[in-house]
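Contents: one structure, followed by commentary.
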Amino acid sequence: MGDYTIQEIYSVVVMQSFSGLSLLCIFVLMGLGLYIIFGQMGVINMAHAEFLVMGSYTMCLFSKFISANFPWMMNYYIILAVPLSFAVAFGVGYLVEWLLISRLYKRALDTLLATWGLSLIFQQCFRSFIGAREISADLPDWLMGTWMPTDSIFIPVNGLVLLALTIAITVGLVLFMTKSRLGLRMRATTQNREMSNALGVNTKMTDRLTFALACGISGIAGAFFTTMASTSPTAGTNYIVDSFLVLVLGGLGSLLGLFISAAFLGILSSVLEFFMSGSLAKVWLYLIIFVVLMKFTRGLFSARIRT
Amino acid sequence: MKIIKTTKKQLLALCGMATFAFGSLSAAEYPTAEVNTTGLAVTDDTVTVGQLHSITGTMAISETGSVEAERLAIKQINEMGGVLGRQIEIIQEDGASDWPTFAEKARKLIINDKVAAVFGCWTSASRKAVLPIFERHNNMLYYPTFYEGLEASKNVVYTGQEATQQIIWGLDWAYEELGARTFYLIGSDYIWPRTSMKIARTHIEQVLKKKDPSCEVVGEEYYALGHTNFRSLINKVRLRKPDLMFTAVVGGSNVAWYRQLRSAGVTAKNYPMLTISTTEDELLGIGGENAEGFYASMKYFQSLDNPENEAFVKEFKEMWGEDSVIGDVTQAAYLGPWIWKAAVEKAGSFDIDKIHLAHPGIELDAPEGYVRVHDTNQHLWSKAKIGRILKNGQFEVVAVSDELIEPDPFPEGYQ
């Protein structure tokens, strides 16, 4: 790296750190929904990625609707699109729990198969009703812009928004789980289902809302992903591996673990991708994860809770 | 009113394919027993062909355009009176983005349905999967996609470009017109980009370097299909400051790639790019404003200004909707049925062996311009073109090669 000035190297280190931070946020957003459903309910949701995609589609279609009918709203529509994506994914999640998941509790392997089948059904629905082509949201110009703290440092604005969104969702979730009545019921159900039921907690409804909430959060994550990449019926297959990766590495069911593992993956990929070519970086990333998982068989930070 | 419209359509179609002066022939002059000696699905008034693309699965996005273009061509041929006086009927099968399924469906089309020809496949993987079946049962495949070359089967007509037709002239153009001396090669990680980049690297290091010793490749990278995080790559590009990014990023990665370039402040002004993988189809998803000013090396752009293309675009939109766009491969797919028709009528027979012998020298005034089937390898001679991406997702044609470029699927010294 002898040919570069200190200034250049400094700028690139800053930009690369920020890209690692963005990656951390993406991993957290991908893993959150999966974490809630597994951590609180013990259900492995193979259709998780399709809820992300559902959020993406909501955002895309809403943006097209706005740009066609209310062009003056283009700059602000995202404020509406985020709750809308949440609502759509929440609603579908609610129905799915009611019609499918609630009948399969305590049959872990059947749930696995059923949710995987569900993911295929969703994919075909996207393809049949929305179309096979890749689409992406029409974005306001400010979101595609760049923030330049110095002449040679370029920070993407959507990365900053991503950071803010991740912090907001996480803080909101923690507050919700620790402060609200429903959060209390959720935690009670997780810790001791029979006792909670005996004490008058409607555990069935709690499960339903937990599942729907997790799907809703995935919906928001998906809505944001479409600002960075495209959405197609099978886009979920790109997310599902990373989602499970971050969850498993974090120790299945601990929010702190999720963060630590997202940070680990974000930093590691950024460093590897910078110093070697793209496909090789991926190979090394997975190799390192194998080694880490052999050493920490229960993930980096395994929660000790009763289920 | 209706009749006038049909006549007008026929006229347009005739204009489009002016070389077929012998447009409609009556079936009576060509008795079935004579034109079909090998038991293909040919009757006194119909001939059945197969169409084999992915309607479902991840490739459906790309293959839809080809399906539509082939349908349009067949419809136009039928309106002109068909092939040897026979109306074309289509049996469509779904390869479902799964290569063994392609093979199975190809077998079904050729053995059970006895189709006279097949228009289909898109990825090289699907073509490789069906190739042995076409060769063993001696049938003809018309394949539309630009691809990596290294193949010349007598049972395939390649209506897209093989790699050298897209790359070499494009790099020479960038060398001359953009003054490109340092190159960063970026592609998705599978056979087509890797073979293409190998040709590009050889050309830069062996040919361009002789003209100017400062020519060099400063980076070469591949990312998995569907990869969506290019931030690290963008930082590396920024650090190495190439005169030209030469790219073959495909599919879903495209949108992420262009958007992240733009939001990182990497624009066409500072970092020119020449791509061999972005067409009007991809731009629909990417959004023209995110890729404005970058260049693509293709043989067809929807905005080409000639009467054949004007008629083609008009008819295509009439059939498939005002919003549809036409990319390079879609146009190449449109040529398939026309080349088949010309070969059958030149041979005066549907027999595969006779069609094969009739292919060399077939000429078309196609939407992309004049093309001719090569004498030995069943690829097309065609003109290379460079387009600059506009805000509206279309291309402005900035350069066209003076000569037709010879297809050379086994380029000596490049492999």
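Residue numbers (this note's numbering), protein chains in the order written: chain F, 1 to 307; chain E, 1001 to 1415.
For every residue, glycine included, the Cβ atom is placed at its ideal position computed from N, Cα and C.
Since the structure is predicted, the reported quantities are computational estimates derived from the model, not experimental observations.
Proximity test, residue i beta-carbon vs the ligand GTP heavy atom, cut-off 6 Å
{"i": "M59 of chain F", "result": "As presented, the structure is devoid of all ligands, the ligand GTP included, so that no description of it is given."}
From the options, residue whose alpha carbon lies closest to that of residue i
{"i": "P156 of chain F", "options": "E:N1235, E:H1203 and E:S1126", "result": "E:N1235"}
{"i": "Y1184 of chain E", "options": "E:I1191, E:W1192, E:K1198 and E:Y1190", "result": "E:K1198"}
{"i": "Q1161 of chain E", "options": "E:F1350, E:S1382 and E:Q1394", "result": "E:S1382"}
{"i": "S1153 of chain E", "options": "E:T1048, E:A1384 and E:H1359", "result": "E:H1359"}
{"i": "G172 of chain F", "options": "F:L100, F:L255 and F:G236", "result": "F:L255"}
{"i": "A1332 of chain E", "options": "E:G1120, E:T1202 and E:I1061", "result": "E:G1120"}
{"i": "L112 of chain F", "options": "F:K295, F:H48, F:G39 and F:L21", "result": "F:H48"}
{"i": "T150 of chain F", "options": "F:V14, F:N192 and F:M294", "result": "F:V14"}
{"i": "S277 of chain F", "options": "E:E1221, E:G1287, E:I1276 and E:Y1258", "result": "E:E1221"}
{"i": "S56 of chain F", "options": "F:A235, F:L252, F:V241 and F:V248", "result": "F:A235"}
{"i": "F225 of chain F", "options": "F:I260, F:L139, F:R298 and F:F211", "result": "F:L139"}
{"i": "I6 of chain F", "options": "F:S152, F:F70 and F:C125", "result": "F:S152"}
Within chain E, partners of residue i - CB distance below 9 Å
{"i": "V12 of chain F", "result": "N1235, K1236, R1238 and L1239"}
{"i": "S22 of chain F", "result": "N1229 and R1231"}
{"i": "Q7 of chain F", "result": "Those within 9 Å of Q7 of chain F in chain E number zero; the least Cβ separation is about 12 Å."}
{"i": "M15 of chain F", "result": "R1231, I1234, N1235, R1238 and A1264"}
Within chain E, the residues that residue i reaches when beta carbons sit closer than 7 Å
{"i": "Y4 of chain F", "result": "L1239"}
{"i": "F65 of chain F", "result": "Within 7 Å Cβ-Cβ: nothing; F65 of chain F doesn't reach chain E, min ~15 Å."}
{"i": "S270 of chain F", "result": "S1232"}
{"i": "M59 of chain F", "result": "The premise fails here: M59 of chain F is roughly 14 Å from chain E at the closest Cβ pair, so nothing lies under 7 Å."}
{"i": "K282 of chain F", "result": "A1224"}
Contact set between residue i and chain F, taken where Cβ atoms lie within less than 8 Å
{"i": "V1255 of chain E", "result": "E134, S136, A229 and S230"}
{"i": "Q1260 of chain E", "result": "P156 and M228"}
{"i": "Y1222 of chain E", "result": "S277, G278 and S279"}
{"i": "I1061 of chain E", "result": "A132, R133, E134 and S232"}
{"i": "G1348 of chain E", "result": "Result: empty, since nearest Cβ-Cβ is about 40 Å, beyond 8 Å."}
{"i": "T1064 of chain E", "result": "A132 and R133"}
{"i": "G1252 of chain E", "result": "E134, A229, S230, S232, A235 and N238"}
Check whether residue i and residue j have beta carbons under 7 Å apart
{"i": "M1298 of chain E", "j": "M1273 of chain E", "result": "no"}
{"i": "F1230 of chain E", "j": "Q1206 of chain E", "result": "no"}
{"i": "R1086 of chain E", "j": "D1113 of chain E", "result": "no"}
{"i": "V43 of chain F", "j": "I37 of chain F", "result": "yes"}
{"i": "T1164 of chain E", "j": "V1329 of chain E", "result": "no"}
{"i": "L1084 of chain E", "j": "Y1030 of chain E", "result": "yes"}
{"i": "W1338 of chain E", "j": "L1364 of chain E", "result": "yes"}
{"i": "E1148 of chain E", "j": "T1195 of chain E", "result": "yes"}
{"i": "T1159 of chain E", "j": "L1335 of chain E", "result": "yes"}
{"i": "S22 of chain F", "j": "L247 of chain F", "result": "no"}
{"i": "Y1258 of chain E", "j": "I1276 of chain E", "result": "no"}
{"i": "A281 of chain F", "j": "L268 of chain F", "result": "no"}
Straight-line gap, residue i to residue j (C-alpha atoms, nearest Å)
{"i": "C60 of chain F", "j": "V82 of chain F", "result": "11 Å"}
{"i": "S1054 of chain E", "j": "M46 of chain F", "result": "25 Å"}
{"i": "I130 of chain F", "j": "G1057 of chain E", "result": "14 Å"}
{"i": "E1437 of chain E", "j": "Q1302 of chain E", "result": "Absent from the model: residue 1437 of chain E. The displayed extent of chain E is 1001 to 1415, so no value can be given."}
{"i": "D286 of chain F", "j": "G1219 of chain E", "result": "Before going on, a small fix: residue 286 of chain F reads as Tyr here, not Asp. Each residue's alpha carbon lies about 23 Å from the other."}
{"i": "M228 of chain F", "j": "R1388 of chain E", "result": "23 Å"}
{"i": "L1420 of chain E", "j": "V1118 of chain E", "result": "Look at the range of chain E in this structure, 1001 to 1415, and you will see that residue 1420 of chain E is not part of it."}
{"i": "K1075 of chain E", "j": "K204 of chain F", "result": "58 Å"}
{"i": "A1021 of chain E", "j": "V1042 of chain E", "result": "The predicted model places A1021 of chain E with a pLDDT of 42, which falls under 50 and marks its position as unreliable; any figure quoted below should be read in that light. Looking at the two C-alpha atoms, the distance is approximately 23 Å."}
{"i": "K216 of chain F", "j": "T166 of chain F", "result": "It should be noted that the sequence gives Gly, not Lys, for residue 216 of chain F. Their backbone Cα atoms lie some 14 Å apart in a straight line."}
{"i": "H1437 of chain E", "j": "F1312 of chain E", "result": "Outside the modelled stretch of chain E, which goes from 1001 to 1415, sits residue 1437 of chain E, for which no answer is possible."}
{"i": "E1289 of chain E", "j": "S232 of chain F", "result": "20 Å"}
{"i": "L209 of chain F", "j": "L182 of chain F", "result": "9 Å"}
{"i": "G1293 of chain E", "j": "R185 of chain F", "result": "56 Å"}
{"i": "V96 of chain F", "j": "F90 of chain F", "result": "10 Å"}
{"i": "T1278 of chain E", "j": "Y1295 of chain E", "result": "9 Å"}
{"i": "T1037 of chain E", "j": "L1357 of chain E", "result": "16 Å"}
{"i": "P1407 of chain E", "j": "Y1300 of chain E", "result": "16 Å"}
{"i": "M294 of chain F", "j": "A1224 of chain E", "result": "26 Å"}
{"i": "T189 of chain F", "j": "W98 of chain F", "result": "17 Å"}
{"i": "A1027 of chain E", "j": "I1090 of chain E", "result": "19 Å"}
{"i": "F122 of chain F", "j": "S63 of chain F", "result": "21 Å"}
{"i": "A1343 of chain E", "j": "E1068 of chain E", "result": "22 Å"}
Within chain F, partners of residue i - CB distance below 7 Å
{"i": "A1264 of chain E", "result": "T146, F154 and P156"}
{"i": "T944 of chain E", "result": "Residue coverage of chain E in this structure runs from 1001 to 1415, which leaves residue 944 of chain E outside it and unanswerable."}
{"i": "D1189 of chain E", "result": "S279"}
{"i": "G1321 of chain E", "result": "Those within 7 Å of G1321 of chain E in chain F number zero; the least Cβ separation is about 12 Å."}
Contact list for residue i against chain F, beta-carbon separation under 9 Å
{"i": "L1284 of chain E", "result": "R133, E134 and I135"}
Contact list for residue i against chain E, beta-carbon separation under 8 Å
{"i": "R127 of chain F", "result": "T1056 and A1060"}
Q: Assess, as a yes-or-no matter, whether the segment 116-134 of chain F is touched by the segment 144-155 of chain F under the definition of 3 or more beta carbon pairs within less than 8 Å.
A: no
Q.
With three or more C-beta pairs closer than 8 Å as the rule, is the segment 104-113 of chain F touching the segment 218-229 of chain F?
A. Because the criterion of three Cβ pairs below 8 Å is not met, the segment 218-229 of chain F and the segment 104-113 of chain F do not touch.
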